[in-house]
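The letter at position 60 of the sequence shown is residue 60 when you use the UniProt record's numbering, and the numbering goes up by one with no holes. Positions of the beta carbon are idealized from the N, C-alpha and C atoms, including for glycine. Predicted, not measured: the structure shown is a model, and the values here were computed from it. Okay, structure first, notes after.
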Amino acid sequence: MPIVNILVTREGTTPGADRTTADQKAAVYKGIADLLFNVMGKPREDTTVIFHEHEIDDISQGGVPLSAYRRHRARVGMTDA
């Protein structure tokens with residue numbers, strides 16, 4: 001039985017959104033079940049997906065809270081490309 005953990009920050013992807021929508025989560029769940037079926041032959045009904053949303057400062061990168069890391073990257077002109 002595949003168990004997949006998805007960890008994201010609690011930030012929306014569109015203006016005014018402050019978290020992942022139910023429709024976005026449903027698309028992620030389906031996409032992961034389809035991927036595991038298509039690549040590994042794992043039955044969709046056996047795939048469990050756990051979606052974790054975290055406040056941005058519950059995550060650290062580069063030894064600082066993620067919000068500070070992103071501000072620093074923006075100041076020095078780095079992108080997430």
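If you reduce the DSSP assignment to three classes, tell me which class residue i lands in.
i	result
V28	helix
E11	coil
I59	coil
V4	strand
V76	coil
Output the distance between the C-alpha atoms of residue i and residue j, rounded to the nearest integer angstrom.
i	j	result
D46	V76	45 angstroms
V64	T9	15 angstroms
P2	A22	22 angstroms
D34	Q24	15 angstroms
Kindly give me the distance between the Cβ atoms of residue i and residue j, rounded to whole angstroms, as I take these residues to be in contact under 8 angstroms.
i	j	result
N5	I50	5 angstroms
When the cut-off is 9 angstroms and only beta carbons count, does residue i lie next to chain C?
i	result
R44	As a matter of chain content, chain C is missing from the structure shown, which is built from one protein chain.
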